[in-house]
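My numbering applies: residue -7 is where the sequence shown begins, and numbers increase by one.
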Amino acid sequence: MKTEQLIVKMLLDRWNSLIKSCDTTLESITDEQLQKEIGPGKNRGIYLLGHLIAVHDEMIQILGLGDKQYPELYEPFIKSPDRTVNDIPSSKELRTYWNKQNEVVTQKFNSLQPEEWFLKHNSVSAEDFIKEPHRNRLNVLLTRTTHLAYHAGQLILLK
-7 MKTEQLIVKM LLDRWNSLIK SCDTTLESIT DEQLQKEIGP GKNRGIYLLG
43 HLIAVHDEMI QILGLGDKQY PELYEPFIKS PDRTVNDIPS SKELRTYWNK
93 QNEVVTQKFN SLQPEEWFLK HNSVSAEDFI KEPHRNRLNV LLTRTTHLAY
143 HAGQLILLK
C-alpha cells in the first residue's frame, strides 16, 4: 500500500469509527436527555446534534461532492448559538437526518480514490492552493474528524 493510500485509509477509518461511536451514544440517549445542557450554561445535546449535521452538510459542499442535504440547518446550528432560534427540528427529525446524512457521506467518501483526497477543496482558491497544497480535501476530513470527536465526547456527558 502506498503512503498516500495508507494515510487516507487511517483517516477514513478514524472518521468511520467516530461516526459509529457517536451512533452508539445517540442510541443510548433519550430525546429528553438531548434537551439537557452538556454542563451548566453550555449547549444542549439537541443543538450539538443539529450542529454536527449542519457541519457535515457543509463538508459535502466544501469537498465538491454535492449539494447540502439540509441547508435549513445552517442558520440555527452554525450561524446562531443555542437557544437563539426558536423553531428547530425535533430530536426525532434530527436523528433521522443524522442517519441519512451518514449514509450519503459514506457513499461520497467511498467514491473518492486516495489521490483525490489530495486535491483542493472548494474553500481555497487555485492560487492559494498552489502556495499551500496542504489545504486539500484530506485536511478538511482531518479537521472535521477532530470536530466530531470533540462534540461526540460532549454528547457522552448526557448519559
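Ideal placement from N, C-alpha and C gives every residue a C-beta, glycine not left out. Here the structure is a predicted model, which is why all the values come from computation and not from measurement.
**Request:** For Pro63, I'd like the list of residues in its chain whose CB is within less than 8 Å of its CB, leaving aside the five on either flank, ordered along the chain.
**Result:** Asp49
**Prompt:** Can you tell me whether Ile70 is buried or exposed, with buried defined as 16 or more other CB within 10 angstroms of its CB?
**Reply:** exposed
**Prompt:** In its own chain, which residues sit with a C-beta less than 8 Å from the C-beta of His43, not counting the 5 before and 5 after it?
**Reply:** Asn35, Phe69, Ile70 and His143
**Request:** Indicate the three-state DSSP secondary structure (helix, strand or coil) for Lys112 in the structure shown.
**Result:** strand
**Asked** If you draw a straight line from the alpha carbon of Leu55 to that of Val132, how long is it in whole angstroms?
**Response** 8 Å
**Request:** List the residues that DSSP assigns as beta-bridge partners of Asn78.
**Result:** Note: Asn78 sits in no beta bridge, so no partner.
**Request:** Determine the burial state of Ala46: buried for a count of at least 16 other Cβ atoms within 10 Å of its Cβ, exposed for fewer.
**Result:** buried
**Message:** Can you look up Arg127 in the DSSP assignment and give me helix, strand or coil?
**Reply:** coil
**Message:** Using only CA atoms, which one of Phe110, Pro106, Glu107 and Arg127 lies nearest to Val116?
**Reply:** Arg127
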